[in-house]
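Residue numbers (the working numbering): 599 to 1158. Beta carbons are placed, not taken as given, at the ideal position from N, Cα and C, and that holds for glycine. Take a look at the structure set out below.
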Amino acid sequence: MKKVFILILIFVNFFSIAVSASERETNENIDNYLSNFSFDEIFELQKKAGNNFDDWFLFSILRSEKELDINLYKGLLRHYISDNYEKYGYLNKNLMTEWHRLIMLSVSVGLNPSEITLNNFSYDLLFDGIYNTKQSESLEKQGINSFVFALMALDSFAFEEINDDLFHSRKSLIENILSYEIPGGGFAFSKDEPDIDMSALVVQALSEYYNSLIVYNVYNKLQDRNIETTVKDVIDRVLLLFSSLQKPDGDFESYGIGNAESTAQVLISLTSLGIDIDTDERFIKNDKTVLDGIIKYQNKDGTFRRNDKTNKISGYQAFMGLVAYDRFVNKKRSIYDLKPEIDSKLKEEINSLIFAIKDADNLSISGLEQLLLRYKLIPGSERNYVYNFSHLYNNLTMNNIEVVIEEAYNDNLVIVNEEISVTKEDINNIVKLVKNPKIENFYEMVYYQEKIRFSNIDGNTKIRLDEKINIIKEEKNKVLVLNELIEDYLREEDEIQKEAIIDLYKDLLKDSKKHIILYEEVNPSNFFNERNLIIGFLLIALISVFSIFTLRIIKRKRNK
């Protein structure tokens, strides 16, 4: 039986106030799903830093605010980014969403994506993956998906823009997204029929701008004409689409198949807009909510299925949906909003303003103007949490009150890494690792490298550990190349490859040699033995020839 992932125990006392049935159910479903992962399995997933789906799962765990030691994952993300830049000069120019995923993951673990440092080199994912892609049209290669995730990444920490038309900005990203709208509402990745998943992702990216009064004039690719629209109008059309396509059990389907993934994406979208799925009749069918639609696909053991088979990706996305909903009911930031939690005073003012706006129909002009003033005093990047601003706006315009709002989404926030205290045990472990570096200790070394990065430990210790990690990374690469050569040799028995194997094998550290695949079947030392045998035979042959030649000379002399 699997060891239950210990971190789920936090959920036992998750709420300090009375909770609704759906909230309790969400907790139970989250616990049930995570119970399938042991602590060791979560640890192994961290070793896959840079893997698309596993990255998003770990992101969801982090957003569920569990006590997870992130030093290994944080360090491996740093190495993954650095290694790719060192090898290729970039991450992935054909898959720009990788940059955007890594920007958000970096922020979630406390890395600054505009300054990922390792070995005295620094890499700027924001500049290379978003700002500086306008001239090369790199985002266009992946279509709407890359514009959506670029905007998500840019807003994840209210990053400041570059004030230059040569670079992408929030405005240019939004305009590009809007240009993909399908006539009648909705979005798709590569077809002209609305797709639930893509439409949901667009809503998630644009949700921060739902209250924006900016009217965009964009060229619509599918309609082949310029259209004028606000973000709110676009999102409202998607919401109508969601309501019309929701199935009787509360779920959604993609390509004709009902599934947890699409349903989860809709749930994330609705929570980002502050829509209460328990009370909003638009998203309740036969008394079934979107949450019911997700749970429909959960197995008794907590996993999720697709086409009646347990599916890892379904589970990952369903889990993210549950976490997003859990954050919503607890009045926390939406799942992709990675800024520090709103302070209690501002949160209280936002909640008070939301409550006051509900009564906007009954207020005088001065009362409405007072609410507008309060709204303007909310920081620009937090106004999207005043979910019912549109109700206030409608009342203001009906009373001919001019509404002028300066919009701002840059907060100039700084990602701060607090100094970590290092124990005597940590120092002893580091000394051992540095003294005898081995491939099998690579992850432990990276863990400590990240842990002591912002500690008060002496600089020489950090330098020595960095040097040993670089040596082990070289060893890992040599082993990888050598194993590939051995596999080729087994198929072809190429003598040139044999020589390369011998040279690489000789160059490995002693402890690294045990990581060679098929070590017993193809031990390079056997090659040395073969070579020695050949040399031995040649020497014997030469000695024999020399002996025969000598004997003949002696014999001739005697005959004379």
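Are the Cβ atoms of A647 and L666 separated by less than 7 Å? Mapped onto the sequence shown, residue 647 falls at position 49. Mapped onto the sequence shown, residue 666 falls at position 68. The Cβ-Cβ distance between A647 and L666 does not fall below 7 Å.
Start and end of the alpha helix (DSSP H) containing S964? Mapped onto the sequence shown, residue 964 falls at position 366. Element bounds for S964: I963 to L975.
Should T877 go down as buried or exposed, given a rule of 16 or more other Cβ atoms within 10 Å for buried? The residue labelled residue 877 in the question sits at position 279 within the sequence shown. When all chains shown are included, T877 counts as exposed.
For a quick check, are the C-beta atoms of L1063 and V1032 less than 7 Å apart? On the sequence shown, residue 1063 is found 465 positions in, with the first residue counted as 1. On the sequence shown, residue 1032 is found 434 positions in, with the first residue counted as 1. Yes, the Cβ-Cβ distance between L1063 and V1032 is below 7 Å.
Would you kindly report the start and end of the unbroken beta strand (DSSP E) that includes F719? Working through the sequence shown from its first residue, we reach residue 719 at position 121. Where F719 is concerned, the enclosing beta strand (DSSP E) starts and stops at F719 to Y721.
Note the first and the last residue of the continuous beta strand (DSSP E) segment covering T827. Numbered from 1 along the sequence shown, position 229 holds the residue referred to as residue 827. From DSSP, the beta strand (DSSP E) with T827 extends over R823 to T827.
Quick check on the DSSP output: the alpha helix (DSSP H) that includes F745 runs from which residue to which? Mapped onto the sequence shown, residue 745 falls at position 147. Its alpha helix (DSSP H) spans residues I742 to D753.
Does DSSP put T877 in a helix, in a strand, or in coil? Counting from one through the sequence shown, the residue named residue 877 turns up at place 279. The answer is coil: DSSP assigns T877 none of H, G, I, E or B.
To the nearest angstrom, how far is the alpha carbon of T901 from that of S1053? Working through the sequence shown from its first residue, we reach residue 901 at position 303. Working through the sequence shown from its first residue, we reach residue 1053 at position 455. So the two alpha carbons sit approximately 39 Å from each other.
Specify, as a first and last residue, the run of the alpha helix (DSSP H) that T995 falls within. Your numbering for residue 995 matches position 397 in the sequence shown. F987 to M996 is the extent of the alpha helix (DSSP H) around T995.
Evaluate the contact criterion for the stretch 897-916 versus the stretch 671-689: three or more CB pairs, one atom per stretch, below 8 Å. no
Tell whether a beta-carbon distance below 7 Å holds between I875 and V888. By 1-based counting over the sequence shown, the position of residue 875 is 277. By 1-based counting over the sequence shown, the position of residue 888 is 290. Yes; because the gap between Cβ atoms is below 7 Å, this pair is in contact.
Just the Cα atoms here: how many angstroms apart are M702 and F657? For the purposes of this step, residue 702 is identified with residue 104 of the sequence shown, where counting begins at 1. For the purposes of this step, residue 657 is identified with residue 59 of the sequence shown, where counting begins at 1. Rounded to the nearest angstrom, the two C-alpha atoms are 9 Å apart.
K1022 to K1060, Cα distance in whole Å? On the sequence shown, residue 1022 is found 424 positions in, with the first residue counted as 1. On the sequence shown, residue 1060 is found 462 positions in, with the first residue counted as 1. Taking the straight line joining both Cα atoms gives about 15 Å.
Using a threshold of 7 Å, state whether the C-beta atoms of T1163 and L920 are closer than that. Residue coverage of the chain in this structure runs from 599 to 1158, which leaves residue 1163 outside it and unanswerable.
Assuming G708 and Q1047 make a contact with CB atoms under 8 Å, what is their CB distance in whole Å? By one-based count along the sequence shown, residue 708 stands at place 110. By one-based count along the sequence shown, residue 1047 stands at place 449. Between Q1047 and G708 the Cβ distance is about 15 Å, and since that is not below 8 Å, they are no contact.
Within its chain, find whatever has a CB closer than 7 Å to the CB of Q1095; leave out the 5 residues flanking it on each side and keep chain order. Counted from its first residue, the sequence shown places residue 1095 at position 497. Counting only Cβ-Cβ distances below 7 Å, and skipping sequence neighbours, we find L1083, D1086 and Y1087.
Quick one: residues in its chain with C-beta nearer than 6 Å to the C-beta of I1055, no 5 flanking neighbours on either side, listed in chain order? Taking the sequence shown and counting its residues from 1, one reaches residue 1055 at position 457. Around I1055: V1020.
Could you check how far apart the C-beta atoms of K894 and D959 are, in whole angstroms? I think they sit under 8 Å. In the sequence shown, the residue the question calls residue 894 occupies position 296. In the sequence shown, the residue the question calls residue 959 occupies position 361. Contact between K894 and D959 is ruled out by a C-beta separation of about 38 Å, above the 8 Å threshold.
Kindly indicate which three-state DSSP category K886 falls into: helix, strand or coil? Counted from its first residue, the sequence shown places residue 886 at position 288. Strand at K886.
To the nearest angstrom, how far is it from the Cα of W697 to the Cα of Y1041? Locating residue 697 in the sequence shown gives position 99, where the first residue counts as 1. Locating residue 1041 in the sequence shown gives position 443, where the first residue counts as 1. Approximately 23 Å, taken between the alpha carbons.
Simplified DSSP state of V1012, which is helix, strand or coil: What you label residue 1012 is simply residue 414 of the sequence shown in a count that begins at 1. When secondary structure is reduced to three states using DSSP, V1012 falls in the coil class, being assigned neither helix nor strand.
If I follow the unbroken beta strand (DSSP E) through N815, where does it start and stop? Taking the sequence shown and counting its residues from 1, one reaches residue 815 at position 217. Run containing N815: Y814 to N818, per the beta strand (DSSP E) assignment.
Contact under 7 Å by Cβ, N986 with I955: Within the sequence shown, numbered from 1, the residue matching residue 986 stands at position 388. Within the sequence shown, numbered from 1, the residue matching residue 955 stands at position 357. Against a cut-off of 7 Å, the Cβ pair of I955 and N986 comes out as a contact.
If you compare alpha carbons, which of E758, D790 and S706 is closest to I742? For the purposes of this step, residue 742 is identified with residue 144 of the sequence shown, where counting begins at 1. Of the listed residues, the one whose Cα sits closest to I742 is D790.
For F1052, name the three-state secondary structure that DSSP assigns. Mapped onto the sequence shown, residue 1052 falls at position 454. Of the three classes helix, strand and coil, the one that applies to F1052 here is coil, per DSSP.
Terminal residues of the continuous alpha helix (DSSP H) containing S852? Your numbering for residue 852 matches position 254 in the sequence shown. Boundaries for S852: no alpha helix (DSSP H) harbours it, while the beta strand (DSSP E) harbouring it runs F850 to S852, taken from the DSSP string.
Quick one: using the 10 Å Cβ neighbour count with 16 as the cut-off for buried, is L990 buried or exposed? Position 392 of the sequence shown, counting from 1, holds the residue named residue 990. By the 10 Å Cβ count, L990 comes out buried.
Ends of the beta strand (DSSP E) at L716? Here residue 716 is taken as the residue at index 118 of the sequence shown, counted from 1. That run of the beta strand (DSSP E) goes I714 to L716.
Would you call the CB atoms of N818 and I812 closer than 7 Å? Residue numbering aside, residue 818 sits at position 220 when the sequence shown is read from its first letter. Residue numbering aside, residue 812 sits at position 214 when the sequence shown is read from its first letter. With a cutoff of 7 Å on beta-carbon distance, N818 and I812 are scored as not near each other.
Contacts around M750, its chain only, beta-carbon distance under 8 Å, and the 5 residues preceding and following it disregarded: Taking the sequence shown and counting its residues from 1, one reaches residue 750 at position 152. Excluding sequence neighbours, M750 sits near H698, M702, Q802, A803 and Y934.
Sheet register partners of R904 (DSSP bridge): Translated into the one-based positions of the sequence shown, residue 904 becomes position 306. According to DSSP, R904 bridges with K907.
Got a sec, what are the start and stop residues for the alpha helix (DSSP H) N949 sits in? The residue you call residue 949 lines up with position 351 of the sequence shown. Per DSSP, N949 is one residue of the alpha helix (DSSP H) stretching across S942 to I955.
Which class does I1069 belong to by DSSP, given the choice of helix, strand or coil? Here the question's residue 1069 lines up with position 471 in the sequence shown. In the structure shown, I1069 sits in a helix (DSSP, three-state: H, G or I).
V962 classed as buried or exposed, judged by whether at least 16 other C-beta atoms fall within 10 angstroms: Here residue 962 refers to the residue found at position 364 when the sequence shown is read from its first residue. Inspection of the sequence shows that residue 962 is occupied by Ser rather than by Val. By the neighbour-count rule (16 or more Cβ atoms within 10 Å), S962 is not buried but exposed.
Under three-state DSSP, which class holds N809? Locating residue 809 in the sequence shown gives position 211, where the first residue counts as 1. N809: coil per DSSP, three-state reduction.
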